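Asks: Residue numbers (this note's numbering), protein chains in the order written: chain A, 1 to 342; chain B, 1001 to 1097.
Ideal placement from N, C-alpha and C gives every residue a C-beta, glycine not left out.
In this text, all values refer to a predicted model and were calculated from it rather than measured experimentally.
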């Protein structure tokens, strides 16, 4: 049964809570100690030795000692990355500024009073933690992933290419969700992906088309619906070895009836593709930093097959797409999560 | 006086500082710091790229490639100049003299 956890909260609601409750959450193989509630994350004890600590304020951020590294404009919204005296600052015109300490362990989010907390949470679980993870040597990719049997399969691509839809549909078909939006890959060898936020953000039509109530207990309303509170058997809860990465290329329905097909990328092509699918855009982090990621992208492309996945853009063919991916990756005699005793 | 940006068969060329590159097996990937574009080099392109990490005259470059690949001297010179012309236009190499 899908349960709503209430209306979208704004930062004004947050300002009324004083002092904020401090909670602990499991994410990316570590613990996030947070003054902000994350209904999409699995709660754990608020340890005194977390991997990351998030503090929030509704005041304006400090404005001294800033050097601009990169800026990105998407429609009316702008994003910027600054170097501060003690690390980095991610600035969002529509949400606020998040200061990330040099070692990535401390995140101070100065939230705009009218910001949607859904967006603030997405920034923390996306770009902010990506910067923290990159400082620890991870390759942070924009994508989703599931575990099929003992191995992980990741799906990369720009917005609206179907990454979240595919991850949710595969999870409904018996795969275990690893994460959505941000893939933290340890280049290895072997290359492994860390479990991310145990939630998937979906557009309303997609959420309606999937049997979400079979796999998750909570649907958080928002600009996109966030499906969360997945059954434990539907989640990959530990680091998983990567079997393949797919760069999704949506295509119109063809005449041969196939829902999907794939072509392997050469290593050079795969390296470029992974570098281009980094969670933090080159224009945001600056080209010198982006270039430094090339080595991680090349290391992953050297040991993980990277494919172009041509997927027919048609919700009514989603089941066929899922079946095709399971045929490619499901080991023989694999027990799906729906077959696993609870 | 010779324009230093004009490429000739006798030029000395070197990889530009305005790029970041990475070896990928026997090939290479480059990111141009001017355009933000990524470029892939095949094995021969990657060999040239490695050779021009230090300033090198085009004839010396061709000699080195001929010892590595089975290619006749006139084709080698012509293809190397074509490759360097393209790289020059992309800002990935500089002509020193």
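1) What did DSSP end up calling residue 9 of chain A once you bin it into helix, strand or coil?
2) Can you tell me where the alpha helix (DSSP H) holding residue 1083 of chain B begins and where it ends?
3) Where does residue 1069 of chain B land, buried or exposed, given buried means 16+ other C-beta within 10 angstroms?
4) State the Cα-Cα distance for the pair residue 107 of chain A and residue 1052 of chain B, rounded to the nearest angstrom.
5) What are the start and end residues of the alpha helix (DSSP H) that includes residue 1066 of chain B?
6) Taking three-plus beta-carbon pairs below 8 Å as touching, is the segment 165-180 of chain A in contact with the segment 234-244 of chain A?
7) Along the chain, which unbroken stretches of the beta strand (DSSP E) at least 3 residues long are found entirely within the segment 50-76 of chain A?
8) Starting from residue 1052 of chain B, trace the alpha helix (DSSP H) both ways and give me its first and last residue.
9) Contact criterion: CB-CB distance below 8 Å. Does residue 4 of chain A meet it with respect to chain B?
10) What number of angstroms, rounded off, separates the C-alpha of residue 322 of chain A from the C-alpha of residue 280 of chain A?
11) Can you tell me where the beta strand (DSSP E) holding residue 142 of chain A begins and where it ends?
12) Give the secondary structure of residue 192 of chain A by DSSP, where H, G and I count as helix, E and B as strand, and everything else as coil.
13) Could you please give the first and the last residue of the uninterrupted beta strand (DSSP E) stretch that includes residue 101 of chain A?
14) Expressed to the nearest angstrom, what Euclidean distance is found between the alpha-carbon atoms of residue 163 of chain A and residue 76 of chain A?
15) Please confirm whether residue 157 of chain A has its beta-carbon closer than 8 Å to some beta-carbon of chain B.
16) At which residues does the alpha helix (DSSP H) containing residue 1097 of chain B begin and terminate?
17) Between which two residues does the alpha helix (DSSP H) holding residue 276 of chain A run?
18) Name the two residues that bound the continuous alpha helix (DSSP H) containing residue 328 of chain A.
19) Closer than 8 Å between beta carbons: that is the criterion. Which residues of the segment 283-295 of chain A meet it against chain B?
20) Would you check if there are 3 or more beta carbon pairs closer than 8 Å linking the segment 141-150 of chain A to the segment 82-96 of chain A?
21) Residue ranges of each beta strand (DSSP E) run of no fewer than 3 residues wholly in the segment 151-208 of chain A, ordered along the chain?
22) Is it true that the segment 33-48 of chain A meets the segment 247-260 of chain A, where meeting means three or more beta-carbon pairs spaced less than 8 Å apart?
Replies: According to the structure shown:
1) Your numbering for residue 9 of chain A matches position 9 in the first chain. Because residue 9 of chain A sits at a pLDDT of 49, beneath the cut-off of 50, its placement in the model cannot be relied upon, and the following sentence gives the value as read from the coordinates. If DSSP states are grouped into helix, strand and coil, residue 9 of chain A belongs with coil.
2) Your numbering for residue 1083 of chain B matches position 83 in the second chain. 1073-1089 is the span of the alpha helix (DSSP H), which, as asked, contains residue 1083 of chain B.
3) Start at 1 with the first residue of the second chain, and residue 1069 of chain B comes out as number 69. With fewer than 16 other Cβ atoms within 10 Å, it is exposed.
4) Against the first chain, residue 107 of chain A aligns to sequence position 107. Against the second chain, residue 1052 of chain B aligns to sequence position 52. If I take the Cα positions, the gap works out to 43 Å.
5) For the purposes of this step, residue 1066 of chain B is taken as residue 66 along the second chain, with counting starting at 1. Counting along the chain, the alpha helix (DSSP H) containing residue 1066 of chain B begins and ends at 1058-1068.
6) yes
7) 52-57, 67-74
8) Translated into positions along the second chain, residue 1052 of chain B becomes position 52. Element bounds for residue 1052 of chain B: n/a, residue is neither H nor E.
9) For the purposes of this step, residue 4 of chain A is identified with residue 4 of the first chain, where counting begins at 1. Because residue 4 of chain A carries a pLDDT of 32, less than 50, the predicted location of this residue cannot be relied on, and the following value inherits that uncertainty. Not closer than 8 Å to any Cβ of chain B, the Cβ of residue 4 of chain A fails to qualify, so no.
10) Taking the first chain and counting its residues from 1, one reaches residue 322 of chain A at position 322. Taking the first chain and counting its residues from 1, one reaches residue 280 of chain A at position 280. Answer to the nearest angstrom: the Cα atoms are 28 Å apart.
11) Counting from one through the first chain, the residue named residue 142 of chain A turns up at place 142. That run of the beta strand (DSSP E) goes 139-148.
12) One-based indexing of the first chain puts residue 192 of chain A at position 192. Looking at residue 192 of chain A - three-state DSSP - the assignment turns out to be strand.
13) In the first chain, the residue the question calls residue 101 of chain A occupies position 101. That run of the beta strand (DSSP E) goes 96-101.
14) Numbered from its first residue, the first chain carries residue 163 of chain A at position 163. Numbered from its first residue, the first chain carries residue 76 of chain A at position 76. Approximately 25 Å, taken between the alpha carbons.
15) Working through the first chain from its first residue, we reach residue 157 of chain A at position 157. Chain B contact via Cβ: absent.
16) To locate residue 1097 of chain B, count along the second chain from 1; it is residue 97. Looking at the DSSP string, residue 1097 of chain B is not in any alpha helix (DSSP H), and its letter there is neither H nor E.
17) Here residue 276 of chain A is taken as the residue at index 276 of the first chain, counted from 1. That run of the alpha helix (DSSP H) goes 267-276.
18) For this step, residue 328 of chain A is matched to residue 328 along the first chain. Its alpha helix (DSSP H) spans residues 318-329.
19) 283, 287, 288, 290, 291, 292, 294, 295
20) no
21) 151-156, 176-179, 182-186, 200-202
22) no
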